[in-house]
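Below you'll find the structure, written out as structure tokens, and then a few comments.
Numbering (our numbering), first residue to last: 78 to 449.
This is the structure we're talking about:
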């Protein structure tokens, strides 16, 4: 009996401790200095919207012909009055330019922020020093910005973003993205120009896009037409109509389903194509090429390469001619692909009929060619 009473007593202690803990947590949250700034403006359909940010931002799109933002600043203070003074230093407004365009800037006005230990600034342990562009210095435990922007989905957008997380809604007009060190997730965009470095980017749907990237990871669920210029970047497309590669150095191009793929100048780039419906013309060096499934109604395949492995599966194609111009190259051909003629570097093969209209041409030195 005494043991039971002791157990109940323990439960009471635990419950009291939990309640006091929750009350303490609520008190700590309540101690934060929270400031919310809202602004909105009507914009014309011809207005170009410029957004500059260096902190996380959500960009929503809507049918209304106006721009609105909600900015919440939450500061965990060391000195409450100083924190309140710091919060007042941030005055975000939607600006209209002389030319009728719309500007939103979220550069924060912060010169540097973090822990410092030098002759000018010594940050106490567990605290953050915030140095503004105007020279004022504040010490806080933490500072957070929550920025939500609403823009018309039919207006043009120019976004310049650095070292942040960005979400972007549907846009039916021209979109220009200049990104550095950004993680971006976007829905549907009609016309895109992307200049990005050291960024991870996801798109749901793109109509026409131009990519200029360095050290990026690009993922697109569905795209109609794309032009690519890239260095040290990896692209993944689930479905595409036409991909034109202007230049690719040391990267990967992975396309699950595509009609047309062309590459004029790529090196140290690996191509992986799932289903190829129409044609491909790839000029490359030191990069492997794989085509997993050539459609039976394909138009043509032209590959110029060196120092690589080429894997092509055309099991669904009844008849085709395979023309090769090779040197120091090994062939591994399916048993239904037969020799047509050969002379020096030229080796020609056929499947189904010696007079087949569909043609595959491979010009490759120091390669391994695997064909099914």
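Note that CB positions come from ideal geometry on N, CA and C, so glycine has one too.
Practice task
Flag this pair as touching only if the segment 252–270 and the segment 153–171 have three or more C-beta atom pairs under 8 Å; answer yes or no.
Solution key: Not touching, per the Cβ criterion.
Handout entry: Backbone CA spacing between residue 105 and residue 218 [nearest angstrom]
Key = Residue placement at residue 105 cannot be trusted, given a pLDDT of 43 that sits under 50; what the coordinates show is reported in the next sentence. Cα atoms of residue 105 and residue 218: separation of roughly 12 Å, rounded to the nearest angstrom.
Practice task
Give me whichever residues DSSP pairs with residue 172 in a beta bridge.
Solution key: Under the DSSP definition of a beta bridge, residue 172 partners with 180.
Exercise for the section: Go to residue 202, then tell me how far its alpha helix (DSSP H) extends in each direction, as first and last residue. Expected result: Per DSSP, residue 202 belongs to no alpha helix (DSSP H) and is neither H nor E.
Problem - Alpha-carbon spacing of residue 170 relative to residue 258, whole angstroms - result: The alpha-carbon atoms of residue 170 and residue 258 are separated by roughly 25 Å.
Exercise for the section: Measure the Cβ-Cβ separation of residue 138 and residue 246 and say whether it is below 8 Å. Expected result: Cβ atoms of residue 138 and residue 246: closer than 8 Å.
Handout entry: Range of the contiguous alpha helix (DSSP H) that encloses residue 159
Key = According to the DSSP assignment, residue 159 belongs to the alpha helix (DSSP H) that extends over 157–164.
Practice task
Quick one: grab the DSSP three-state call for residue 324.
Solution key: If DSSP states are grouped into helix, strand and coil, residue 324 belongs with the strands.
Practice task
Report yes if the CB atom of residue 366 is closer than 8 Å to the CB atom of residue 385, and no otherwise.
Solution key: Yes. Within cutoff.
Handout entry: Reduced DSSP secondary structure (H/G/I, E/B, other) of residue 19
Key = Since the first residue shown for the chain is 78 and the last is 449, residue 19 is missing from the structure and cannot be characterised.
Handout entry: Complete runs of the beta strand (DSSP E) confined to the segment 297–385 [at least 3 residues]
Key = Counting whole runs of 3 or more residues, the segment 297–385 contains the beta strand (DSSP E) stretches 311–362, 366–371.
Handout entry: Under 8 Å between C-beta atoms of residue 340 and residue 310
Key = Pairing residue 340 with residue 310 gives a Cβ-Cβ distance that is not under 8 Å.
Exercise for the section: Keeping to the same chain, check which residues put their C-beta closer than 7 Å to that of residue 434; ignore five residues upstream and five downstream. Expected result: So no residue of the chain qualifies.
Exercise for the section: Note the first and the last residue of the continuous beta strand (DSSP E) segment covering residue 292. Expected result: No residue range can be given for residue 292, since it is assigned to no beta strand (DSSP E) and is classified by DSSP as neither H nor E.
Problem - Rounded C-alpha distance that separates residue 112 from residue 240 - result: Distance between the alpha carbons of residue 112 and residue 240: 23 Å.
Practice task
Just the C-alpha distance for residue 233 and residue 282, rounded to the nearest angstrom, thanks.
Solution key: Each residue's Cα considered, the two are about 17 Å apart.
Practice task
Hey, could you find the ends of the beta strand (DSSP E) residue 392 is sitting in?
Solution key: Residue 392 -> no beta strand (DSSP E), and no H or E assigned at all.
Practice task
Starting from the Cα of residue 432, find the closest Cα among 414, 208, 398 and give me that residue.
Solution key: The candidate whose alpha carbon is nearest that of residue 432 is 398.
Exercise for the section: Determine the burial state of residue 427: buried for a count of at least 16 other Cβ atoms within 10 Å of its Cβ, exposed for fewer. Expected result: It counts as buried.
Practice task
Give the C-beta separation of residue 369 and residue 390 to the nearest angstrom, bearing in mind that I take them to be a contact with Cβ-Cβ under 8 Å.
Solution key: Yes, they are in contact, since the Cβ atoms of residue 369 and residue 390 sit about 6 Å apart, within 8 Å.
Exercise for the section: Look up residue 119 in the DSSP assignment and give the residues it is bridged to. Expected result: Answer is 143, bridged to residue 119.
Exercise for the section: Let me know the secondary structure DSSP gives residue 406 once reduced to three states. Expected result: Annotated three-state conformation of residue 406 is coil, per DSSP.
Handout entry: Same chain, Cβ closer than 8 Å to residue 376, neighbours up to 5 away in sequence not counted
Key = Answer for residue 376: 355, 356, 435, listed in chain order.
Problem - Distance, residue 223 Cα to residue 102 Cα - result: The predicted position of residue 102 is uncertain, since its pLDDT is 41 and thus under 50; no value can be drawn from it.
Practice task
Just mark residue 422 as buried or exposed, buried being the case when its beta carbon has 16 or more other beta carbons within 10 Å.
Solution key: Counting Cβ neighbours within 10 Å, residue 422 comes out exposed, since fewer than 16 surround it.
Problem - Helix, strand or coil at residue 284 [DSSP, three-state] - result: Strand, per DSSP.
Practice task
Identify the continuous beta strand (DSSP E) that holds residue 447 and give its terminal residues.
Solution key: Annotation: the continuous beta strand (DSSP E) that includes residue 447 extends over 436–448.
Handout entry: Check whether residue 182 and residue 174 have beta carbons under 8 Å apart
Key = No. Outside cutoff.
Exercise for the section: State the DSSP-derived secondary structure class of residue 124, mapped to helix, strand or coil. Expected result: Note: residue 124 maps to coil in three-state DSSP.
Practice task
Compare the Cα-Cα distances from residue 159 to each of 400, 279, 220, 273 and report the closest residue.
Solution key: Residue 220 holds the alpha-carbon nearest to the alpha-carbon of residue 159 among 400, 279, 220, 273.
Practice task
Figure out for me which residue from 142, 352, 442 has the closest Cα to the Cα of residue 404.
Solution key: Residue 442 is the option with its Cα nearest to residue 404.
Problem - Residue burial classification, residue 176 (beta-carbon count within 10 angstroms, cutoff 16) - result: Around the beta-carbon of residue 176, fewer than 16 other beta-carbon atoms lie within 10 Å, marking it exposed.
Problem - Residue from 407, 272, 285 with nearest C-alpha to residue 301 - result: Closest in C-alpha terms to residue 301, from the list 407, 272, 285, comes 285.
Exercise for the section: Leaving out five residues on either side along the sequence, give the residues of the same chain with a beta carbon under 7 Å from the beta carbon of residue 424. Expected result: Around residue 424: 401, 403.
Exercise for the section: Can you tell me which of the three DSSP states residue 263 falls into? Expected result: Residue 263 sits in a strand when the DSSP states are folded into three classes.
Practice task
Leaving out five residues on either side along the sequence, give the residues of the same chain with a beta carbon under 8 Å from the beta carbon of residue 204.
Solution key: Once the five neighbours on either side are set aside, the close Cβ partners of residue 204 are 155, 192, 216, 217, 218.
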